[in-house]
Amino acid sequence: MKPDINYLQTLQTVFGFEGLRGGQQQVVDRVLSGRSSAAIFPTGSGKSLCYQLPALHLPHLTLVISPLLALMKDQLDFLKSRGIAAASIDSSLSYDESREVMRGVKAGEIKILMISVERLKNERFRQFISSVSISLLVIDEAHCISEWGHNFRPDYLKLPVYCQQLNIPQVLLLTATATPKVIEDMGVKFGINAEDIVVTGFYRENLDLNVVPCPEKDKSNALLEQLNKSPLAPTIIYVTLQNTAETVADNLRQQGVPAFAYHAGLPNDKRQDIQNRFMRGEINCIVATIAFGMGVDKSDIRTVIHYDLPKSIENYSQEIGRAGRDGQTSTCTVLANRESLSVLENFVYGDTPDRAAILAVINEIGSTSQGNTWEVMLNRLSRDTNIRQLPLKTLLVYLELEGVIEPKFSYFADYRFKTLVSVENILAQFDGERQHFVKAVFDSSPKSRTWHTVDFDALWQGYQSDRQRAVKALDYFAEKGWIELESKQMTDVFNICRPDVCEGQAAHELSEYIHQMFQNKEQSEVERVHAMLALFETTTCLSHRLARYFADEHAPERCEHCSVCRGDVAVLPSASDLPALDVQQLKTASQPLFDAAKNEAVTPEATARYLCGISTPLTGRLRVGRTAGFGQFGHYPFAEVKALCEQF
Ligand SMILES: [Zn+2]
Numbered sequence: 036m037k038p039d040i041n042y043l044q045t046l047q048t049v050f051g052f053e054g055l056r057g058g059q060q061q062v063v064d065r066v067l068s069g070r071s072s073a074a075i076f077p078t079g080s081g082k083s084l085c086y087q088l089p090a091l092h093l094p095h096l097t098l099v100i101s102p103l104l105a106l107m108k109d110q111l112d113f114l115k116s117r118g119i120a121a122a123s124i125d126s127s128l129s130y131d132e133s134r135e136v137m138r139g140v141k142a143g144e145i146k147i148l149m150i151s152v153e154r155l156k157n158e159r160f161r162q163f164i165s166s167v168s169i170s171l172l173v174i175d176e177a178h179c180i181s182e183w184g185h186n187f188r189p190d191y192l193k194l195p196v197y198c199q200q201l202n203i204p205q206v207l208l209l210t211a212t213a214t215p216k217v218i219e220d221m222g223v224k225f226g227i228n229a230e231d232i233v234v235t236g237f238y239r240e241n242l243d244l245n246v247v248p249c250p251e252k253d254k255s256n257a258l259l260e261q262l263n264k265s266p267l268a269p270t271i272i273y274v275t276l277q278n279t280a281e282t283v284a285d286n287l288r289q290q291g292v293p294a295f296a297y298h299a300g301l302p303n304d305k306r307q308d309i310q311n312r313f314m315r316g317e318i319n320c321i322v323a324t325i326a327f328g329m330g331v332d333k334s335d336i337r338t339v340i341h342y343d344l345p346k347s348i349e350n351y352s353q354e355i356g357r358a359g360r361d362g363q364t365s366t367c368t369v370l371a372n373r374e375s376l377s378v379l380e381n382f383v384y385g386d387t388p389d390r391a392a393i394l395a396v397i398n399e400i401g402s403t404s405q406g407n408t409w410e411v412m413l414n415r416l417s418r419d420t421n422i423r424q425l426p427l428k429t430l431l432v433y434l435e436l437e438g439v440i441e442p443k444f445s446y447f448a449d450y451r452f453k454t455l456v457s458v459e460n461i462l463a464q465f466d467g468e469r470q471h472f473v474k475a476v477f478d479s480s481p482k483s484r485t486w487h488t489v490d491f492d493a494l495w496q497g498y499q500s501d502r503q504r505a506v507k508a509l510d511y512f513a514e515k516g517w518i519e520l521e522s523k524q525m526t527d528v529f530n531i532c533r534p535d536v537c538e539g540q541a542a543h544e545l546s547e548y549i550h551q552m553f554q555n556k557e558q559s560e561v562e563r564v565h566a567m568l569a570l571f572e573t574t575t576c577l578s579h580r581l582a583r584y585f586a587d588e589h590a591p592e593r594c595e596h597c598s599v600c601r602g603d604v605a606v607l608p609s610a611s612d613l614p615a616l617d618v619q620q621l622k623t624a625s626q627p628l629f630d631a632a633k634n635e636a637v638t639p640e641a642t643a644r645y646l647c648g649i650s651t652p653l654t655g656r657l658r659v660g661r662t663a664g665f666g667q668f669g670h671y672p673f674a675e676v677k678a679l680c681e682q683f
């Protein structure tokens, strides 16, 4: 059934477009018919309009979850330029600004609100948003929800639950890159019917795809050769490391190519300046890490060169997707070899926690002194167990899925405020029991020079008032402009549902089981690295194979504009044989790590990570990231190094 809303008029008057493209129309129709839907469109094909247009016709708020501040800002600028009442609540806003946004949302003046998923862990925000009627939940970059895709974000796994708790009637998932497995996963998690998942073609007939086999040592020359084919074309050269961006740019300048490095290590203003000049066409050649491109919408990028291998097929697809947005022929070239295979694989191994560390987390849950609840600050736990933040979050989600713990809420352990009017003035606004309570809050909040810090325990002991009431009161004071309120030290609180499995033999078995889950994930990540190499060595059309990887079955069998169709099947050069390793050599190289650790035991896994140059909380805490042994064996397979470390 077609909705009888005349959105085409809105499309013209508000957005200035004459019509929708095929995929867009299908999605908009579904959303306006009240169905949950998913839009899987390539980058640059107007996914955002799929929620922006319906948002103006839906009765209540459209809540958008977006993983990147930069993406949010771009979309907000666009919406504001069209006179649409949209806002975000994020860390860049001042206290007054976010208060004003919340007021506008509550009053129904703001139609679209953008937030990060982490915002939903904030108890104050959840309290606020649950008092607002929401028509539609939009999840941008929705592939983050699947463990089998790239950029998995554990917090996204909780979105289906939030959606229910907030009584949101329908969802819209947006992504540019999803394999059939990821699409299925997303659909199941949100109960989206197969016919409401709209996939438009991935095949881009204006992209000329090339794989150039090239040993590492010949890359500089090969790059120059590629650039000389169209010297003045707007070009992005992608590299993996910030360091490489600098050296490649320097090299090119020495060869007379005015190239500029762009990476997250540059000061913000300098980066912005380079980006602006590139957009205006004053700079033609940028050597960038993947920090570049998020939110860059330059339509006439003619050349994308991968100097280093991309991280995955998904990354490759996103990065080449920035070329030729204007539909003109553009060239994408990968300079490929297998020499850095170990380096790529070793990125994966840094994220698998040791079995002992998993057990330590489980035991900590079992030994908590707070009855059936477990309160934890992730920073502290990450440091203590040497598990990186992302896998640690994944571990907690795994424990949730196993029914061991259940998230209750998150809160800020510390609240502090400064008064903007006198305490007497505030007290005078209340009478009776409420005045006593407010007085108790102030009495329990000792003041240093300007800030009062709330002592919730004292408040409980002196007045038997729980923190929830106090937080609510403080929020109210802040809303009234009587105080300025700050919160910090994010703490997650869980219910412990299965204390029996957190001790003794059962805990051992559980840690074994979960370690296996991480190993499966690790295996699947390593396979993704190999799938990418297999793509670049394909003997059938590259464009066709890439499209099929993303569930597009309609690409031509032969595109006639890729290196394979031109008859060049790539055979990638392997690493020249590395000299064999011995235990003594690794032991010597590990000495700086052991010295720094003093009496603390270091596991073979942790030692191997150090030697392979994989950063962990431990290497950060011991400050060994710049010592001689760190990364000394980064080109060796992690498994080989680890096996030798086990013989120390
Ligand atoms: Zn082809």
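Every position in the sequence shown, counted from 1, becomes a number in the numbering used here once 35 is added.
Every residue gets a Cβ at the ideal spot worked out from N, C-alpha and C, and that includes glycine.
Identity of the residue in the options nearest residue i by Cα
i: Pro-204; options: His-95, Asp-386, Leu-301; result: His-95
i: Val-140; options: Ile-180, Ile-309, Ser-168; result: Ser-168
i: Glu-176; options: Asn-157, Asp-190, Ala-211, Cys-198; result: Ala-211
i: Ser-334; options: Gly-356, Lys-346, Pro-345; result: Gly-356
i: Gly-539; options: Ala-663, Ile-397, Lys-523; result: Ile-397
i: Ser-126; options: Val-234, Lys-146, Glu-153, Ile-147; result: Glu-153
i: Ala-213; options: Trp-183, Tyr-42, Leu-43, Val-99; result: Trp-183
i: Arg-661; options: Ala-674, Cys-647, Gln-307, Ser-404; result: Cys-647
Check whether residue i and residue j have beta carbons under 8 Å apart
i: Ala-229; j: Gly-222; result: yes
i: Leu-455; j: Glu-519; result: yes
i: Gln-564; j: Glu-380; result: According to the sequence shown, residue 564 is Val rather than Gln. Taking 8 Å as the Cβ cut-off, Val-564 and Glu-380 qualify as a contacting pair.
i: Thr-48; j: His-92; result: no
i: Ala-624; j: Gln-667; result: yes
i: Glu-562; j: Phe-452; result: no
i: Cys-179; j: Tyr-197; result: no
i: Ile-145; j: Ile-100; result: no
Residue i versus residue j - alpha carbon distance
i: Ala-475; j: Ala-448; result: 19 Å
i: Pro-652; j: Thr-526; result: 19 Å
i: Pro-248; j: Pro-102; result: 35 Å
i: Ala-280; j: Phe-571; result: 23 Å
i: Val-246; j: Ser-650; result: 31 Å
i: Met-36; j: Lys-108; result: Note that Met-36 scores 44 on pLDDT, short of 50, meaning its location in the model is unreliable; the coordinates nonetheless yield the value given after this. Roughly 35 Å between the two C-alpha positions.
i: Val-703; j: Phe-187; result: The question about residue 703 has no answer here: the residues shown for the chain are numbered 36 through 683.
i: Thr-275; j: Tyr-450; result: 41 Å
i: His-579; j: Ile-218; result: 19 Å
i: Glu-685; j: Ser-352; result: Nothing in the structure corresponds to residue 685, since the chain is present only between 36 and 683.
i: Ser-123; j: Cys-576; result: 43 Å
i: Lys-115; j: Arg-484; result: 41 Å
i: His-298; j: Gly-362; result: 27 Å
i: His-341; j: Asp-603; result: 18 Å
i: Arg-415; j: Gln-524; result: 10 Å
i: Met-412; j: Arg-159; result: 17 Å
i: Val-233; j: Asp-243; result: 26 Å
i: Val-458; j: Lys-482; result: 12 Å
Simplified DSSP assignment, three categories, for residue i
i: Met-412; result: coil
i: Pro-94; result: coil
i: Pro-38; result: Because the pLDDT at Pro-38 is just 49, under 50, the model does not fix this residue reliably, and the point stays unresolved.
i: Thr-270; result: strand
i: Ala-475; result: helix
i: Pro-639; result: helix
i: Tyr-671; result: coil
i: Lys-482; result: strand
i: His-579; result: helix
Alpha helix (DSSP H) segment containing residue i, residue limits
i: Asn-286; result: 277-289
i: Arg-315; result: 303-315
i: Ile-348; result: 348-355
i: Thr-429; result: 424-436
i: Lys-523; result: That residue, Lys-523, is in no alpha helix (DSSP H); its beta strand (DSSP E) goes 518-531.
i: Ala-569; result: 539-571
i: Val-140; result: 130-141
First through last residue of the beta strand (DSSP E) which encompasses residue i
i: Leu-451; result: It should be pointed out that residue 451 corresponds to Arg in this sequence rather than to Leu. Start and end: 440-454.
i: Tyr-297; result: 294-297
i: Leu-209; result: 205-210
i: Cys-198; result: Note, Cys-198: premise wrong, no beta strand (DSSP E); alpha helix (DSSP H) at 194-200.
i: Asn-245; result: 242-248
i: Leu-18; result: Nothing can be reported for residue 18: it is not among the residues displayed for the chain, which extend from 36 to 683.
i: Val-339; result: 338-341
i: Val-322; result: 320-323
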